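A.B. asks: Position 38, counted from 1, in the sequence shown is what my numbering calls 35; the numbers after and before it change by one each time, with no gaps. One structure coming up, written as structure tokens, with questions to follow.
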Amino acid sequence: MNMVLVDQEKVLVLRRALPAVTKVWLQEVLGVSETTWRSLRDGRPIRQSTYNRLLAKLERTVGRDMARTL
């Protein structure tokens, strides 16, 4: 299982994409669970496949420009 550690600057970009940090918005905008969000926020690694899914979902919901900053 490949893991990736997302730096905190990128996590802040993700946070700015969210209207609020709730279960619903995490799923709607980023396609991740609260558990995954806590891992990102706390500087713990997440699965590479989860990160890839997050970027794809972000690109579809917020736009390609924001996703490319990550």
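For glycine and all other residues, C-beta sits at the position ideal for the given N, C-alpha and C. Just so it is clear, the structure is predicted and the values come from calculations on it, not from any experiment.
(1) In whole angstroms, what separates the C-alpha of Leu51 from that of Trp22?
(2) Quick check on this structure: which residue in Ser30, Val26, Pro16, Pro42 has the alpha carbon closest to the alpha carbon of Leu2?
(3) Look up Met0 in the DSSP assignment and give the residues it is bridged to.
(4) I believe Arg38 touches Val8 by the beta-carbon criterion, under 8 angstroms. Please report the beta-carbon distance rounded to the nearest angstrom.
(5) Suppose contacts are defined by Cβ-Cβ distances below 8 angstroms. Is Leu55 in contact with Ala14 by that definition?
C.D. replies: In brief:
(1) For the purposes of this step, residue 51 is taken as residue 54 along the sequence shown, with counting starting at 1. For the purposes of this step, residue 22 is taken as residue 25 along the sequence shown, with counting starting at 1. So the two alpha carbons sit approximately 13 angstroms from each other.
(2) Residue mapping note: residue 2 aligns to position 5 of the sequence shown, counting from 1. The shortest Cα separation from Leu2 among Ser30, Val26, Pro16, Pro42 belongs to Pro42.
(3) Reading the sequence shown from its first residue, position 3 is the one you call residue 0. DSSP, once it has assigned bridges, lists Arg44 as partnering Met0.
(4) Along the sequence shown, one-based indexing puts residue 38 at 41. Along the sequence shown, one-based indexing puts residue 8 at 11. With a Cβ gap of about 6 angstroms, Arg38 and Val8 count as contacting.
(5) Counted from its first residue, the sequence shown places residue 55 at position 58. Counted from its first residue, the sequence shown places residue 14 at position 17. Closer than 8 angstroms, so yes.
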